[in-house]
Each structure stands twice: as C-alpha cells, then as structure tokens.
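Residue numbers (full-length UniProt numbering): 1 to 201. Notes to accompany the following structure.
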C-alpha cells in the first residue's frame, strides 16, 4: 500500500520555520527508569519550568498515551515495542512542529530505546536516565504496583519479573534518591537549555 502514499513534506512549513516562530530549537528528551524513579514527576515539573522560562514543551507519558492512542495495547513484549514505536513517531511529529517533547516511559531495554532513537533521529534524541534503587522506587509506590507484582497479581512487571536494562551512555543521569525534585528539574533544565536555545542573531 505504501506505493500509493505521496508525502508532501517539501511543500509544508519546515521545522526551522516553526522553531523561529516559537523561539526555540525542538528536541526530544527520553526519560527512562524504573516505575517510581521519578520520570513523570520530573517531566511534569520540567514542562512548567520550561514554560515559565519562555519555552514550549509537551509531556508524553504512559497515562496520556495508554489511555488514548495506545489503549489497544497490552504489556506483552511485542505490544511494549509497538507502544514505544508509536510514541517515537508522535514525538517526531512534535519535533518537526518545533516543540520540545518530554517523553516519560520505562522503555526497559536498550534495544527498544535504540528503536526510538532511530525513529526520532540520533541528533535530536536526548536520553535521560532517571535512576533510583529498586527499594526506593518500591517505597514510593502509591499505586501499589510493586506489591501486586511481588504477589504475582501483575506479570512481567519491570524490575520484579521482567528486566530493566539501564542506558549504557545516557546524555544525563539523575539520581533521584540523592537530590530533591527541585534539584533534579534544575539539573535537567540546565543540561537541556543549550540544546533548545536558538543561536543569537
């Protein structure tokens, strides 16, 4: 069927046009880590922090993706991969729109994150490892997911009976058991700022 698709990208506004209008360079931050490590909380606070500093960002995380566009997917290995593939495609659309995208997903394997990197483009994909020990993540488990996983009520739960592969060479590592939320958000912002500022005219 793809032979009947004729992209018109060359006739559309370009990413650079949109970036100039928004006054920023678009990038994709990919926050990865165990459930409870602090990914979503950091992403939510960073989105507001960026807004308050004149940048425009959009958060994508499990709650707003799996309740909508990916609500037909399970947590099988195949569906997890498809979940991340679709997210990466959405993030690429935001990237082309000039928007900074903050992606907060466990994305547990090196392979699955590499797939996302290739879809988005290595030059625009910034992998952030939100690192916290398993016991700390369990202590923050307000949804009781770890308890259910340890009781066998949830199968294939990352960190319990499914593996998590930490990034080999993350662009940035944040250890949320060693610093406050405010310090974590500030660290990510300071790392990100040079990547998203337009060059001075």
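C-beta atoms are modelled at their ideal positions from N, C-alpha and C, and glycine is treated no differently.
Assigned exposure category for residue i - 16 Cβ within 10 Å defines buried
i: residue 155; result: exposed
i: residue 68; result: exposed
i: residue 45; result: buried
i: residue 51; result: exposed
i: residue 95; result: buried
i: residue 159; result: buried
i: residue 145; result: buried
Pick from the options that is closest to residue i, judged by C-alpha positions
i: residue 15; options: 99, 63, 41, 72; result: 99
i: residue 56; options: 141, 26, 153; result: 26
i: residue 32; options: 131, 41, 81, 125; result: 131
i: residue 42; options: 22, 199, 105; result: 105
i: residue 167; options: 112, 40, 21; result: 112
i: residue 123; options: 65, 29, 157, 107; result: 29
i: residue 157; options: 89, 107, 12, 95; result: 107
i: residue 66; options: 165, 109, 102, 87; result: 87
i: residue 165; options: 118, 159, 109; result: 109
i: residue 70; options: 76, 82, 77; result: 82
i: residue 58; options: 73, 91, 150; result: 91
i: residue 61; options: 147, 22, 151, 35; result: 35
i: residue 12; options: 149, 97, 54, 151; result: 97
i: residue 161; options: 173, 77, 193, 197; result: 77
i: residue 47; options: 153, 142, 189, 148; result: 189
i: residue 125; options: 140, 147, 72, 169; result: 169
i: residue 116; options: 139, 85, 129; result: 85
i: residue 135; options: 93, 196, 150; result: 150
Presumed contact (8 Å Cβ cut-off) between residue i and residue j, rounded CB distance
i: residue 214; j: residue 171; result: In the structure as shown, the chain begins at 1 and stops at 201. Residue 214 is therefore absent and cannot be evaluated.
i: residue 38; j: residue 184; result: 7 Å
i: residue 23; j: residue 198; result: 6 Å
i: residue 177; j: residue 133; result: 6 Å
Secondary structure, beta strand (DSSP E): runs of 3+ residues fully inside the UniProt domain "APS kinase" (26-174): 28-32, 57-61, 100-104, 125-131
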